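Residue numbers (our numbering): -4 to 398.
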């Protein structure tokens, strides 16, 4: 059986297709799925195929593309007879890692919310952490490397100082990078806990403030919800919009398929009948185009039953712009690995990277930024990587948080 991008995608619609592979083919599939950071997601689907009912209820897929299985759902203690021991071990270990991360996120979220509540109007958890905290479908089997939070920009300094008092410190970066974060970005430099090593990204907006499209904090506040423990996230429709914005305003697409799966499972949970909620949020925040790209990608990749005329209206840019983006994203959003038979060309990834940088900041700032980074990179090659690191940071390496 040919292990290609289409087959990897189909695994998340029909997980039992994994059983049809030979043992060597399954080993290759495990490598690809782990590299794409979606192995635990597939493990969740294999051991809990109750999603089939939700797919039908939400009216997003046909019988042909539902999660098909003629077996009852498996528990993690049961052995699928069609799978070899090695594959079972990989799947269960991936689930254990994902569950461990989920437990850690709950612990960190409670502490961060507790210590920042007195100094911040809101502390909103974003992206992967939010999916887990809400026990959403996108959070099942989800892994991530950091925790993203959103705070009020007016209280950003107070939040940073409070976090420092509780063991969260910035990593070593140059003065230029510090200025980049403080002046142009939508977040401060990453903070790592001095003992636990957990990394958090503290945002004050969901896209860089130098772009002309950054929504105001007052608009974002309209979509904050709290769970029973008082932990704040964005509403599910707003999470979908934010995920679309993050994906289609990015410049890195090596593991974009994981983000596509996030959107897929969020849309399943939202349902076709409530798609208007997503569209309302997209219009209020000013991200109709990004949501249009997301829906078109989901429609094409997973063959979802989505209203094409609505998507066409969301793609409210010039014909050339839409065609250009469709050319890029038709390939770069698919699973990527050298073991797969991929037909995407390097030019698409180059264009996606350039596109992402151009969207993040105006041309004159982007030119300045790229010249500075390139020049500093050359100097670091000649004189060493710490040439631009402040001396007080260099002399206190033993106090810096581990990565």
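Every residue gets a Cβ at the ideal spot worked out from N, C-alpha and C, and that includes glycine. This one's a predicted model, so the numbers in the text were calculated from it and none came from an experiment.
Which same chain residues end up closer than 7 Å to residue i when comparing Cβ atoms and leaving out the 5 residues on each side of it in sequence?
i, result
"residue 32", "138, 250 and 253"
"residue 273", "232, 235, 236, 265 and 286"
"residue 320", "288"
"residue 114", "150, 153, 154 and 157"
"residue 168", "184"
"residue 245", "351"
On the three-state DSSP scale, how would you describe residue i?
i, result
"residue 79", "coil"
"residue 227", "strand"
"residue 142", "strand"
"residue 197", "strand"
"residue 215", "helix"
"residue 5", "helix"
"residue 121", "strand"
"residue 51", "Any reading at residue 51 must be qualified, since the residue scores a pLDDT of 48, below 50, and its modelled position is unreliable; the value itself is stated next. Residue 51: helix per DSSP, three-state reduction."
"residue 182", "strand"
"residue 294", "helix"
"residue 114", "coil"
"residue 137", "coil"
"residue 254", "helix"
"residue 208", "coil"
"residue 68", "Unreliable placement is indicated for residue 68, whose pLDDT of 40 sits below 50; no coordinate value is reported for it."
"residue 242", "helix"
"residue 265", "helix"
"residue 408", "The structure shown does not extend to residue 408, since the chain spans only -4 to 398, so no value can be given for it."
"residue 285", "helix"
"residue 248", "coil"
"residue 203", "coil"
"residue 401", "Limits of the chain in this structure are -4 at one end and 398 at the other, which puts residue 401 out of reach."
"residue 152", "helix"
"residue 391", "Here residue 391 scores only 41 on pLDDT, less than 50, and its place in the model should not be relied on; the value that follows carries that caveat. Three-state DSSP puts residue 391 in coil, outside helix and strand."
"residue 108", "helix"
"residue 168", "coil"
Just list the residues that DSSP pairs residue i with in beta bridges.
i, result
"residue 192", "None, per the DSSP bridge assignment."
"residue 163", "188"
Look at the Cβ atom of residue i, then the Cβ atom of residue j, and state whether they are nearer than 7 Å.
i, j, result
"residue 290", "residue 306", "yes"
"residue 185", "residue 194", "yes"
"residue 120", "residue 104", "yes"
"residue 345", "residue 288", "no"
"residue 20", "residue -2", "yes"
"residue 271", "residue 258", "no"
"residue 189", "residue 164", "yes"
"residue 146", "residue 124", "no"
"residue 326", "residue 284", "no"
"residue 0", "residue 304", "no"
"residue 136", "residue 36", "yes"
Residues in the same chain with beta-carbon distance under 8 Å from residue i, minus the five sequence neighbours each way, listed in chain order, please.
i, result
"residue 220", "227, 228, 229 and 230"
"residue 281", "208 and 210"
"residue 204", "179, 180 and 181"
"residue 401", "Nothing about residue 401 can be read from this structure; the chain reaches only from -4 to 398."
"residue 23", "-2 and 334"
"residue 217", "279"
"residue 117", "145, 146, 147, 216, 219 and 227"
"residue 332", "26, 27, 30 and 31"
Leaving out five residues before and five after residue i in sequence, what residues of the same chain have Cβ atoms less than 6 Å from its Cβ?
i, result
"residue 200", "181 and 209"
"residue 196", "141, 143, 182 and 185"
Residue range of the beta strand (DSSP E) that residue i falls in?
i, result
"residue 221", "219 to 221"
For the alpha helix (DSSP H) containing residue i, name the first residue and the last one.
i, result
"residue 37", "34 to 42"
"residue 276", "270 to 280"
"residue 22", "18 to 30"
"residue 325", "314 to 327"
"residue 303", "303 to 309"
"residue 333", "Run containing residue 333: none; DSSP gives neither H nor E here."
"residue 353", "341 to 355"
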